[in-house]
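The letter at position 274 of the sequence shown is residue 274 when you use the numbering used here, and the numbering goes up by one with no holes. Every residue gets a Cβ at the ideal spot worked out from N, C-alpha and C, and that includes glycine. One structure is given below, encoded as structure tokens.
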Amino acid sequence: MDVQARDAEPGEAGQSAPVAVLVATCVSTLVVNANTSAVSILLPAISADTGTSLDTLQWAVTGYSLVGAAVIVTSGALGDVFGRRLVFLGGLALFIASCVLIALSGSGGGVIAGRAIQGASGATILACGMSLLSVSTSGAGQVRAVTLWGGASAVGAAAGPLVGGVLVDGTGWQGLFWIDAAIALACVPITLKGVTESRDPDRSRSIDFAGTALIAAVLAPALLALSEGAKWGWTSAAVLGCFALALVSCVAFVAVERRVEAPLVDLRLLKERVLIGATVGILLSAGVINGLMYLVSLYFQNPATLALSPFEAGLATLPATVGLIAITPLVPRLVQRMGIGPVIAVGFAAATAGCVLLVSVQGDWRYAAFVLPLVLLAAGLGLVNGPASSASTSSVSADEVGSASGISNMARYIGAAAFTAAVATVNATVGESRRSAGEGAADALAAGLSSACLLLAIASGVGILLSVLAVRARRRRVGPGAYGAAAASHAHTVPVGSQGQVKYRRGR
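Below is the structure:
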């Protein structure tokens, strides 16, 4: 996105978003986030119906994030060059097709393939939807629109597990995807009729497709090694080969980014310590919340532990989502009072405490024992998300904000994919080891969850250390738009200017 709107003066209303743009972008964002957050709740039902193991179906989650990480920046660039409405419509079409593919799939492979396609479509809808919203607004009207967009993201993330659980019980797991396809289809005529096409005529028409492919080539073998390392052996030729391929692809990616006209990642920005610290913080926070939601969704539904129905499991995850949303309006005030770095440190400290409490999980725990850790962890990461996004963009010059935001967006997807793969492996490996040693099913499952939460606690602890870098980010007025859009863990990062307003150059 390369759009620039001037900051609103005090009392200035600015240009409000047309109704069609608001409906198309907010509804599609809500559906994408609801679909994403619901999938973990559906996995046991999909496993039972298709005969695919949960270990394999983990790729329905990691594959989505892997592809999303590869295309999130490229999809925005395609919109700038070929038309944001056109590419947004392409994302909707791809999302509809992926929903139909998944709903009709009788195998785990079809579900995983469909989810990978959804990763591309979801990233495209988020990136181009935000661009469409931004170029049609200005000033305070832009902040209102972005805040509403962020609220839609948060509502989708909150409602997804609950709606998914209701539909599993009522229509089967396929029902979610049929309904999502129908809602996305309804957004198509609204977009065609009411959304004006826009492009960025000043942007280079060069698209870094090689960088996109190489990001996938780095992540895919690395995630495969993380997922299968315990089974194959961490020193096996297969695992070492995967890591070698990821390393070679990483070297190739750096070489390509140094030479292309419009790189996916501006390598010069990697010299900025605050940006790197904030981006790693974003990666950790996205990874921890996604990894935890994956773990507890399966743990709650396992017959040997809580044996919750899909609906009950969806309801059980609400304290985490509510904690994430409830803390969001308080973040700007805390940043003004404490500064970005201390707020991030407090957030990671709360998340670490929540993870540490879960490390002590026992097989006889009932649901009430999980509520405080879930709220602590989610509220803590809610404190991290907005300020880290703000620090990443405020640490660079105005003409580099778009590139910095792209790096943050990619990090969010990478964190979700890597941590889900890692905790799934730890959980399964420790659980199987305990079962082989003769422990009961509930105790073995609790041991697996405990070990995975220890990994998440360590990651959150590292986040506290990284907050030291963010202390250097200057105190600044932070507008509500940035935090509204950061309310959901999968939300697209919103670049912000020095006064907290969303800053872009208006496309023509």
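- The criterion of a C-beta distance shorter than 8 angstroms is not satisfied by Gly233 and Leu30.
- For the options Thr25, Tyr367, Thr74, Thr393, the alpha carbon positioned closest to that of Asn302 is the one of Tyr367.
- Leaving aside the five residues that flank Ser107 on each side, the residues in its chain whose CB is nearer than 6 angstroms to its CB run, in chain order, Thr50.
- Of all C-beta pairs linking the region 281-290 to the region 447-460, three or more are shorter than 8 angstroms, placing the two stretches in contact.
- Judged by their CB atoms, Leu92 and Val23 are not nearer to each other than the 8 angstroms cut-off.
- Within the same chain, Cβ atoms closer than 6 angstroms to the Cβ of Glu261 are found at Ser204, Ser206, the five residues on either side in sequence being excluded.
- DSSP, read as helix, strand or coil, puts Gln336 in helix.
- When only Cα atoms are considered, Gln362 and Val346 end up about 27 angstroms apart.
- Contact between Ala69 and Ala417 is confirmed by a C-beta separation of about 6 angstroms, below the 8 angstroms threshold.
- In this structure, the beta-carbon distance from Val256 to Gly211 falls below 8 angstroms.
- Per DSSP, reduced to three states, the secondary structure at Arg366 is coil, with no helix or strand assignment.
- Remark: fewer than three beta-carbon pairs, one from each stretch, lie closer than 8 angstroms, so the region 315-325 and the region 418-436 are not flagged as touching.
- The way I'd put it, the region 331-338 doesn't touch the region 174-183; fewer than three beta-carbon pairs between them come closer than 8 angstroms.
- The Cβ atoms of Leu132 and Val21 lie closer than 8 angstroms to each other.
- One Cα belongs to Ile414, the other to Ser65, and the distance between them is close to 7 angstroms.
- Within the model, the alpha-carbon separation for Asn385 versus Leu295 is close to 21 angstroms.
- Thr235 counts as exposed, since fewer than 16 other C-beta atoms from the protein chains shown sit within 10 angstroms of its C-beta.
- Beta-carbon to beta-carbon, Val39 and Ala60 are separated by about 6 angstroms, close enough to satisfy the 8 angstroms threshold.
- With a threshold of 16 other beta carbon atoms within 10 Å, Ser397 falls short and is exposed.
- For Asn290, the uninterrupted alpha helix (DSSP H) run begins and ends at 273-301, by DSSP.
- Here the alpha carbons of Gly448 and Lys271 stand approximately 39 angstroms from one another.
- Taking C-alpha positions only, Ser75 is separated from Pro18 by approximately 23 angstroms.
- Apart from sequence neighbours up to five positions away, the residues of its chain that approach Leu245 with a beta-carbon distance below 6 angstroms are Pro221, ordered along the chain.
- Counting along the chain, the unbroken alpha helix (DSSP H) around Asp169 starts and ends at 139-171.
- Contact between Ser37 and Gly160 holds: their C-beta atoms lie close to 3 angstroms from each other, under 8 angstroms.
- In this structure Val135 is not in contact with Gly406, their Cβ atoms being roughly 17 angstroms apart against a cut-off of 8 angstroms.
- Thr429 and Ala379 have their C-alpha atoms some 29 angstroms from each other.
- The beta carbon of Thr317 is closer than 6 angstroms to those of Pro161 in its chain, skipping five residues each way along the sequence.
- The three-state secondary structure of Ala446, taken from DSSP, is helix.
- Contact between Ala304 and Leu445 holds: their C-beta atoms lie close to 6 angstroms from each other, under 8 angstroms.
- The beta carbon of Ser47 sits closer than 8 angstroms to the beta carbons of Ser53, Leu54, Leu57, Gly108 from its chain, once the five residues preceding and following it are set aside; these are given in chain order.
- Per DSSP, reduced to three states, the secondary structure at Gly438 is coil, with no helix or strand assignment.
- The C-alpha of Leu357 lies about 16 angstroms from the C-alpha of Tyr299.
- With a cutoff of 8 angstroms on beta-carbon distance, Asn35 and Gln142 are scored as not near each other.
- With a threshold of 16 other beta carbon atoms within 10 Å, Arg144 meets it and is buried.
- Of Cys355, Ile96, Ser309, the smallest CA-CA separation from Ala182 is found for Ile96.
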